[in-house]
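Position 145 (the sequence shown) corresponds to 145 in full-length UniProt numbering; numbering is contiguous. Yeah, the Cβ is synthetic: ideal placement off N, Cα and C, and Gly gets one too. Report on the following structure.
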Amino acid sequence: MKTIHQFLAGYSPLSSKAKKEFEQIFSLNTYRKGEIIAGYSQSKCKFFLVKEGIVCSYLNDSKGKKVIRTLFTPISVIASLKSIININSTNANYHCLTNCSILAANLDDFLYLVDKHHDISKLYIEILEKSYAKLLERVTYLTTLEATERYLMLKKIAPNIENQIPQYQIASYLNISPIQLSRIRKKLLFES
1 MKTIHQFLAG
11 YSPLSSKAKK
21 EFEQIFSLNT
31 YRKGEIIAGY
41 SQSKCKFFLV
51 KEGIVCSYLN
61 DSKGKKVIRT
71 LFTPISVIAS
81 LKSIININST
91 NANYHCLTNC
101 SILAANLDDF
111 LYLVDKHHDI
121 SKLYIEILEK
131 SYAKLLERVT
141 YLTTLEATER
151 YLMLKKIAPN
161 IENQIPQYQI
171 ASYLNISPIQ
181 LSRIRKKLLF
191 ES
């Protein structure tokens, strides 16, 4: 599977046997815009690789409003860190913001391979390290960058995001209001 090879290229190499077994635990699924692929109601923990589309993790605030925590673009790993630490427990919903093609694997199957293959165990550690680093980076951006700077960082990651998801979802991810995002976009357009 091309997507898995692209994903693995960013990590330490796996033996051919481990790579083959890793590929075999995945199945390709398609989801429509708006579908929840995992979350509070999930009965069995899974982890995912985004092949096509944009997925977000979100929480509901005290007023019931969705607050986007993370955006996942191709070829991102989607897994609740909480569910990896405490099986069958997650603290967010994972929702398709566009139509998506996603590779899914049961977390138990992956953890079995982690125990079986040392190189997959190293992969698991690297995935956790990268996830933690992304989380720290997100917190740093939210606490140290101005809204315009956060928007420009997002545009580096997903240049055509305005053509893929609504402005209010982009604003939620940036932790600003849609009106503030509109002003930022207008100012940047005027400056260019």
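* Backbone CA spacing between residue 34 and residue 11 [nearest angstrom] -> If I take the Cα positions, the gap works out to 31 Å.
* Residues bridged to residue 52 by DSSP? -> In the DSSP output, where bridge partners are listed per residue, residue 52 has 101.
* Asked: Going by DSSP, what residues sit across from residue 70 in a beta bridge?
  -> Answer by DSSP bridge pairing, in chain order: 57.
* Is the beta carbon of residue 176 less than 9 Å from the beta carbon of residue 158? -> The answer is no: Cβ separation not under 9 Å.
* **Span of the alpha helix (DSSP H) around residue 5** => That run of the alpha helix (DSSP H) goes 2–8.
* Is the segment 133–143 in contact with the segment 47–63, if contact means three or more CB pairs nearer than 8 Å? -> No, the segment 133–143 does not touch the segment 47–63.
* **Three-state secondary structure (DSSP) of residue 171** => Helix at residue 171.
* Just the C-alpha distance for residue 179 and residue 38, rounded to the nearest angstrom, thanks. => Rounded to the nearest whole angstrom, the C-alpha separation of residue 179 and residue 38 is 30 Å.
* Using beta-carbon positions only, say whether residue 151 and residue 181 come within less than 9 Å of one another. => Residue 181 is positioned such that its CB atom lies closer than 9 Å to that of residue 151.
* Proximal residues to residue 74 (C-beta, below 8 Å), its chain only, five neighbours per side dropped -> If we look at residue 74 and ignore the five residues flanking it on each side, its Cβ neighbours are 3, 50, 51, 52, 53.
* Expressed to the nearest angstrom, what Euclidean distance is found between the alpha-carbon atoms of residue 70 and residue 57? -> Just so you know, the alpha carbons of residue 70 and residue 57 end up roughly 5 Å apart.
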